[in-house]
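Novice: In the numbering used here, the protein residues as written are 1092 to 1411. Below you will find the structure I want to go over with you.
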């Protein structure tokens, strides 16, 4: 059964199409990544799923036929962390979480008990009596994250949940997301960080300019991309590699980081030929490995050139 079904959905804003004929199925259980660059339509898609926006065309259903309805009608079964963080800055942290719990139908005593557990888990228990405005942005984000999970929702929707967090706090939240999914619940989260999605997600959808460009399990998306891929790490003489890497008979596409690179071999070319050419050119290597393509490389190949070719429209915040 699908937790979320999006069927041929289109959403327009003042002549700009933020989401275009989008279809995807989010199965129950596991972590589903909605991936794309800024302005791709990720947040608009999530707002459509939540019922904050209504599609101009198409249909969205949640929790299968028996639970079909808008996100608003099913909010007691959904935990939602929006991209725009929204907390009442003058409220104390504990009072705020108790309030959010009561809104979801939890008794005040139970909401308080759960809130204290979450504040401890998120390592901000010492701030329960502080006003929200006294917390750093990262700590406020963790408070809102706790509020999204307080009522133990079946479906957790997180819009750029790790944006702006330092690595330690991001790891704490990532561990919780993985734990939730391992317990059988469904997590949908949006991100433009491909490495993050590759480590966490069971399935992904990549969208660009509101259109679906890749969809499936991580393994399926990589298999569909095809080709042979090599990861390089340079120890010295990197400039000597440029002529080799510019040879279209060897290299079809390259993601160059300077000290390292990930590349796709040209059709018919073999990794052994590339290795021999680099060694003959006097290039020092600390890594030469035949690898699966990364989601980052797939993203750059499928989306990058299109984004470079056409500027994004101005003032389309709803299409983020």
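Even glycine gets a Cβ: it sits at the ideal position worked out from N, Cα and C.
Could you give the C-beta distance for residue 1369 and residue 1332, rounded to a whole number, given that I count them as a contact under 8 Å?
Specialist: 6 Å
Novice: Could you give the uninterrupted runs of the beta strand (DSSP E) lying entirely in the region 1296 to 1369, keeping only those of 3 residues or more?
Specialist: 1302 to 1308, 1320 to 1327, 1342 to 1347, 1351 to 1356
Novice: What do you get for residue 1123, buried or exposed, if any count of 16 or more other CB atoms within 10 angstroms of its CB means buried?
Specialist: It is buried - the Cβ of residue 1123 has at least 16 other Cβ atoms within 10 Å.
Novice: Would you kindly work out how many angstroms separate the C-alpha atoms of residue 1250 and residue 1382, rounded to a whole number?
Specialist: 30 Å
Novice: Can you look up residue 1079 in the DSSP assignment and give me helix, strand or coil?
Specialist: Residue 1079 is absent from the model: the chain starts at 1092 and stops at 1411.
Novice: Does the pairing of the region 1141 to 1155 with the region 1165 to 1184 give three or more beta-carbon distances under 8 Å?
Specialist: yes
Novice: So the alpha helix (DSSP H) residue 1212 belongs to, where does it begin and stop?
Specialist: 1199 to 1212
Novice: What number of angstroms, rounded off, separates the C-alpha of residue 1386 from the C-alpha of residue 1200?
Specialist: 45 Å
Novice: Below 8 Å between beta carbons: does that hold for residue 1140 and residue 1095?
Specialist: yes
Novice: Determine the extent of the beta strand (DSSP E) in which residue 1098 is found, giving its start and end residues.
Specialist: 1093 to 1104
Novice: Among 1299, 1217, 1316, 1300, which has the Cα closest to the Cα of residue 1307?
Specialist: 1316
Novice: Tell me the residue span of the beta strand (DSSP E) that contains residue 1383.
Specialist: From DSSP, residue 1383 is part of no beta strand (DSSP E); its letter is neither H nor E.
Novice: Who are the Cβ neighbours of residue 1179 in its own chain at under 7 Å, not counting the five residues just before and after it?
Specialist: 1187, 1223
Novice: In its own chain, which residues sit with a C-beta less than 7 Å from the C-beta of residue 1235, not counting the 5 before and 5 after it?
Specialist: 1172, 1176, 1178
Novice: Return the bridge partner residues of residue 1116 from the DSSP annotation.
Specialist: 1096
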